[in-house]
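2 protein chains.
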Amino acid sequence: MEKRTDFFNLGTDELNDLYQELQEKYNEYKNQILKLDMSRGKPCPEQLELSMEMLDILNSDEQLKAMDGTDCRNYGGVDGISEAKELFSQMLGVSTKEIILGGNSSLNMMYDTLSRAMLLGVSEGELPWGKLPKVKFLCPSPGYDRHFAICELLHIEMITIDMNQDGPDMDTVELLISEDDSIKGIWCAPKYSNPDGITYSDEIVDRLACMKTKARDFRIFWDDAYTVHHLSDKPDQLKNILTACKTAGNPNRVYMFSSTSKITFPGSGIAMLASSEDNVNFIKKQFGIQTIGPDKINQLRHARFLQSLDNLNVHMKKQAAIIRPKFDLVLHHLEADLGGKNIAVWNKPNGGYFISLNTLDGCAKEVVSMAAKIGVTLTNAGATYPYGKDPRNRNIRIAPTFPSIHELKLAIEVLCVCVQLVSIKKILAGRI
Amino acid sequence: MEKRTDFFNLGTDELNDLYQELQEKYNEYKNQILKLDMSRGKPCPEQLELSMEMLDILNSDEQLKAMDGTDCRNYGGVDGISEAKELFSQMLGVSTKEIILGGNSSLNMMYDTLSRAMLLGVSEGELPWGKLPKVKFLCPSPGYDRHFAICELLHIEMITIDMNQDGPDMDTVELLISEDDSIKGIWCAPKYSNPDGITYSDEIVDRLACMKTKARDFRIFWDDAYTVHHLSDKPDQLKNILTACKTAGNPNRVYMFSSTSKITFPGSGIAMLASSEDNVNFIKKQFGIQTIGPDKINQLRHARFLQSLDNLNVHMKKQAAIIRPKFDLVLHHLEADLGGKNIAVWNKPNGGYFISLNTLDGCAKEVVSMAAKIGVTLTNAGATYPYGKDPRNRNIRIAPTFPSIHELKLAIEVLCVCVQLVSIKKILAGRI
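Those sequence lines, one after another, are chains A and B. Residue numbers for the first sequence follow my numbering, so the first one is 1 and each next one is one higher. Residue numbers for the second sequence follow my numbering, so the first one is 1 and each next one is one higher.
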């Protein structure tokens, strides 16, 4: 059989034969008793080794004083030490007055920001969202399952918005937010998006910054998790949303989030929130009550290890050198096994942590379940959509970074066999 | 003049002469241009030095693996690594299934627990407190200002409860909570309490555990901040509240909080929450959504440095050796300058971080303000009461740990002069 034949052009007998052949392959894998995991965007051990020297930077001979003399061991300071704010504000393209450093989890900062919006409102004089009969969020999808889980936990109604190749479907976004003042926010993963690997175009950023929202206190939750996480030598460029919002006369519209989770250590990094000075000052007042402040020793460790934005970028090139071959491997196998068959499409991301695979409509759940049955774990089908419901049941998120090359090769082979099996079944069912 | 004479027994002329004399002393201090701070319970640099070796424990040659094989550098785990849970559950007298380790701030865990209660309720099927027209908390006072600040931020109405020498006035507590189901909680600082240094008696603990509350979802917020922070060789013993609650048939009534903030580094310690398994499991489900989990590397660092409860207690004896002389100095001066004069009373705590001084009614604000005018900063008068309002305007919190012995001596001398000046004015005013 021609390798790259459109499955829809194959006769029923041909498809049946192919099914048989693939089923045999599937059974062979089954006999190998695999235990492979492509489900979460976790750095692999080799990536973590790159930051081990950070552990040597502070020791008992050191003064644990920040640039401005702050004793990092003691209480004090709710928004972070100067040198760390300096570095990370450069990374995000904001001023040091527009950033707050948090604990080790940007997800937690997002949850916390949203829960404060629910309990206290987002600015002086605005009603807490929790006092309203209904709060809705726009969720460009496929998107990050953990954003959606936060909304679900807080009983915020989610509205699925299609993702295009340049970002969310803005026509729909603009229409909805101009009419419904219970829509209070939108989740965005604007750079090397989870899972599509898409970077929003300048036009999309500008439309988000400029659009007229019926809710005065509408907020963009801008999760810029992969801002320095390039895989290509020609990295994507993301327009600065905070600047765009200021230019548009909506300076308080956006909360930017990021972290060093995939720069240094995922469990022990630095999370950050950037926004207008007004928003930052409003939040700092609340922060001063809700916490004694973030771990300043870990901030000092990070500032001294990463040193400068240039040095941070050099560090990220080392990260890329480790994970790029894994992305290449996955893309190579997808092309070799599924290319030209008209049963799946996928993106080739220039950065980030995921490859997003779309099967024929109605096939994703079965593919994931077939792979799971023989020991290959993928992110649950549907997880990339609000309420875990992919309306077309076609999106599968592939996370290639954690497994070894050897494991990854096996896992992707299994995935491709499953996609083909389920696709053939679906095509044949359509012919009855 | 007899040193220890009751001021109320002195004649008006004698008091006027004394006032003159003290005013001259006050002016002398004024000319010294002091800058002394007894306002916050901060460890002093010598205390922080005791934990510096903790920074050497993990370095680039180490495997950052927890006992159970967890790679502490990576994602995973919401409730803490085994060895740290083991150690701190022993410290709090609970099982490892009854503890959750958090970030670096127990205050933040308290805020977070309360904000989740407001948004989501405290157990399956209970209404979120934020959905009720009113939520009230009982606040034994004097108490910890930051507990009260959290309530104020979240618009929880605070009811002041008197503190006796063995804990809160339980007759009033029991009466109120049996009648009013909008009373959802009580703040307790049960051991070496902030600021009184009181430890709740067994009877008080039992009454808290057994009392009938009108609200089914009533919770005790048990801030056991100073559980191992003894100053005396005969430390106070606090009855285990979780055990008491279980025995009383109210296993889910209490959230215990503690941290290593004043064991290792205040800015970079480990916070913890302990409660019944039911409560812990309920919270862990939400934790799994709101965060990627706490900093496991810092937990590993703490577990390896502190090693065991015995070793932790040895470490705490070194802390005590540094700060006990400071407490002794303050107590000595209070006795020498204010003793027998019938114008002030204070506690002699066996542990903790504070000495609580009660002046004559109506004097605290003026004393604190007079001291501030010549460069001696005390915690704001009133701060130890809900809404910053001490109904008798008499409580002053002294935090002796941070200043050096020399600074502390000066500061306490100034304080004693101010107390006497304001007291004389008050007594004389009463005679007109």
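Built from N, CA and C at the ideal position, the CB exists for glycine as well.
Query                                                                                                                                                                                              : Result
Got a sec, what are the start and stop residues for the alpha helix (DSSP H) phenylalanine 137 of chain B sits in?                                                                                 : Careful: phenylalanine 137 of chain B lies outside any alpha helix (DSSP H), inside the beta strand (DSSP E) at 136-141.
Cβ of leucine 312 of chain A within 8 angstroms of Cβ of valine 376 of chain A?                                                                                                                    : no
Distance, Cα to Cα, cysteine 151 of chain A vs methionine 256 of chain A?                                                                                                                          : 17 angstroms
Quick check on this structure: which residue in B/Gly185, B/Thr213, B/Asp166, B/Asp145 has the alpha carbon closest to the alpha carbon of aspartate 202 of chain B?                               : B/Asp166
Just the C-alpha distance for asparagine 447 of chain B and glutamate 126 of chain B, rounded to the nearest angstrom, thanks.                                                                     : Examination of residue 447 of chain B is not possible in this model, given that chain B is present from 1 through 432 alone.
Below 9 angstroms between beta carbons is the criterion; list the residues of the stretch 287-313 of chain B that meet it against any residue of chain A, in chain order.                          : Gly288, Ile289, Gln290, Thr291, Ile292, Gly293, Pro294, Asp295, Lys296, Ile297, Asn298
Assuming histidine 230 of chain A contacts methionine 316 of chain A (C-beta within less than 8 angstroms), just tell me the rounded distance between them.                                        : 7 angstroms
List the DSSP bridge partners of alanine 274 of chain A.                                                                                                                                           : A/Ile99, A/Met256
With a threshold of 8 angstroms between beta carbons, is asparagine 380 of chain B in contact with chain A?                                                                                        : no
Could you pull out every residue in the same chain whose Cβ sits closer than 7 angstroms to the Cβ of leucine 50 of chain B, ignoring the five residues on either side in sequence?                : His315, Lys318, Gln319
Report back the beta-carbon spacing between lysine 134 of chain A and serine 182 of chain A to the nearest angstrom; my notes put them in contact at under 8 angstroms.                            : 5 angstroms
At 8 angstroms on the CB atoms, spell out the chain A contacts of glutamate 53 of chain B, in chain order.                                                                                         : Ser60
Tell me where the beta strand (DSSP E) around glycine 185 of chain A begins and ends.                                                                                                              : 183-188
By Cβ distance below 8 angstroms, which residues in the same chain neighbour lysine 341 of chain A in space, the five residues on each side in sequence not counted?                               : Arg4, Thr5, Asp6, Phe7, Gln420, Ser423
Establish whether the CB of glutamate 2 of chain A and some CB of chain B are separated by less than 8 angstroms.                                                                                  : The pLDDT assigned to glutamate 2 of chain A is 48, lower than 50, so where the model puts this residue is not dependable, and the model offers no usable value.
Just to confirm my understanding: we take asparagine 240 of chain A, look at its own chain, exclude 5 residues before and 5 after, and list those with CB closer than 7 angstroms. What are they?  : Gly93
What is the DSSP secondary structure of asparagine 16 of chain B, counted as helix, strand or coil?                                                                                                : helix
Excluding the five sequence neighbours on either side, which residues of its own chain have a C-beta within less than 6 angstroms of the C-beta of tyrosine 226 of chain B, listed in chain order? : Lys191, Tyr192, Gly351, Gly352
When you compare the CB positions of valine 417 of chain A and lysine 30 of chain A, do they come within less than 8 angstroms of one another, or not?                                             : no
Give me the chain A residues within the contact set of leucine 154 of chain B, using Cβ-Cβ distance strictly less than 9 angstroms, ordered along the chain.                                       : Leu119, Leu120
Helix, strand or coil, according to DSSP, for arginine 452 of chain B in the structure here?                                                                                                       : The question about residue 452 of chain B has no answer here: the residues shown for chain B are numbered 1 through 432.
Quick check on alanine 411 of chain A: buried or exposed, where buried means 16 or more other Cβ atoms within 10 Å of its Cβ?                                                                      : buried
Is there a C-beta anywhere in chain A that falls below 8 angstroms from the one on leucine 127 of chain B?                                                                                         : no
Between A/Lys234, A/Ser232, A/Val228, A/Ile204, which has its C-alpha nearest isoleucine 220 of chain A's C-alpha?                                                                                 : A/Ile204
Looking at the C-beta of lysine 42 of chain B, does it have a partner C-beta in chain A at a distance below 8 angstroms?                                                                           : yes
State the start and end residues of the unbroken beta strand (DSSP E) segment that holds isoleucine 398 of chain A.                                                                                : 395-398
What are the boundary residues of the beta strand (DSSP E) that includes leucine 378 of chain A?                                                                                                   : 376-378
Any C-beta of chain A sitting closer than 8 angstroms to the C-beta of tyrosine 111 of chain B?                                                                                                    : yes
When burial is assigned at 16 or more other CB atoms within 10 Å of the CB, is leucine 175 of chain A buried or exposed?                                                                           : exposed
Please report the residue range of the beta strand (DSSP E) in which asparagine 358 of chain B lies.                                                                                               : 355-359
Starting from the N-terminal side, write out each stretch of the alpha helix (DSSP H) that is 4 residues or longer and does not extend beyond the stretch 261-340 of chain B.                      : 277-290, 296-306, 309-338
Between the alpha carbons of arginine 40 of chain B and glutamine 47 of chain B, how many angstroms are there, rounded?                                                                            : 15 angstroms
Starting from aspartate 224 of chain A, find everything on chain B with Cβ-Cβ shorter than 9 angstroms and list it in chain order.                                                                 : Here the premise fails: no neighbours, minimum Cβ distance about 16 angstroms.
Is any beta-carbon of chain B found at less than 8 angstroms from that of serine 369 of chain A?                                                                                                   : no
Compare the C-alpha of alanine 66 of chain B against each of B/Met54, B/Ile81, B/Ser60 and name the closest.                                                                                       : B/Ile81
Can threonine 401 of chain B and cysteine 44 of chain B be called in contact, C-beta distance under 8 angstroms?                                                                                   : yes
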